[in-house]
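Residue numbers for the sequence shown follow the working numbering, beginning at 601 and rising by one.
Since the structure comes first, as C-alpha cells, the remarks are kept for the end.
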Amino acid sequence: MAEILAIKPAAVEGPVVAQLDKGVLRLTLANPPANALSLAVMAALTAELERARADKAVRVIVLSAAGKVFCAGHDLKEMTARRTDADHGKAFFAETFAACATLMQAIVRHPVPVIAEVDGLATAAGLQLVASCDLAIASHEATFCTPGVNIGLFCSTPMVALSRNVSRKHAMEMLLTGETIDAATAKEFG
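Here it is in C-alpha cells:
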C-alpha cells in the first residue's frame, strides 16, 4: 500500500501532495485550475525535494499536476497584489525569483532522477519547471509556451532551462513568438 504524505492546504496556498510508492515519489501540484507557482508552492516543492534527498527509499521523483493545466507559471495574482507595497513589489519579486531559482536548482542537483509528467499546459515558469527536470513525459494533451512576449515582456524565467534542452533557434522561436506548441512539436524540438 502506498504511503501518502500531504502538505495541509492551510500550510500552503496551493497544496502539494506527496505520495511514495515502491521508491517512486509523486509530487502533485494540486491547486487547479492554474497550478501556479506561488511563493508558498515553490517553498513546499523545494521542501519536498529536500526531504526526498534524505530519504533512501526514494529512487525517482515524478512531478505531476491535478487538472488541465500542468503549471501556468508564477502566480501573477500574488505578484500583482504586491505592486501596492511601498517598493511597488520589488522586494517580493526578488524573493519570488530567488525561490524559483532555489526550486529549479533543487531539481537539477537532485541525486535521483526527476521526471515531469505533463498532461496539460506548461507555460512560463511552468515550462521552466518541466525543462529543469531530467526527463519529461508529455501526453497528447500537453502544450508548452513562453507567452511573455505576447504582453510586451521577454519571458526570461524559463530561458536558461529551455535553452539547455532545445536548440538555440527553437528556444528563440518559442521565446520571441510566444506561440504554443504541442507535445509532438516539443518532442521534435528536443
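Glycine included, every Cβ here is placed at the ideal spot set by N, Cα and C.
Relative to Arg682, the option among Phe692, Leu727, Ala716 and Ala636 whose CA is nearest is Phe692.
Looking only at Val660, Pro615, Ala654 and Lys668, the smallest Cα-Cα distance to Thr743 is reached by Lys668. Counting C-beta pairs closer than 8 Å gives three or more between the region 612-630 and the region 654-666, which meets the contact rule. Judged by their CB atoms, Val712 and Val660 are nearer to each other than the 8 Å cut-off. For the options Asp719, Ala761 and Cys745, the alpha carbon positioned closest to that of Cys733 is the one of Ala761.
Under the DSSP definition of a beta bridge, Cys671 partners with Ala722. Classified as buried, Ile781 has 16 or more neighbouring CB atoms from the shown chains inside 10 Å of its CB. Contact annotation: Ala672 and Gly726 have beta-carbon atoms nearer than 8 Å.
When C-alpha distances from Asp675 are compared across Ala701, Ala634 and Gln619, the shortest belongs to Ala634. The continuous alpha helix (DSSP H) containing Cys700 extends over residues Lys690 to Val708. Note that the C-beta distance between Thr746 and Leu703 is not below 8 Å. Residues Leu639 of the same chain have their beta carbon placed closer than 6 Å to that of Thr696, with the five preceding and five following residues left out of the count. Arg659 sits in coil when the DSSP states are folded into three classes, being neither helix nor strand.
Distance between Leu729 and Pro615, taken at the CA atoms: about 17 Å.
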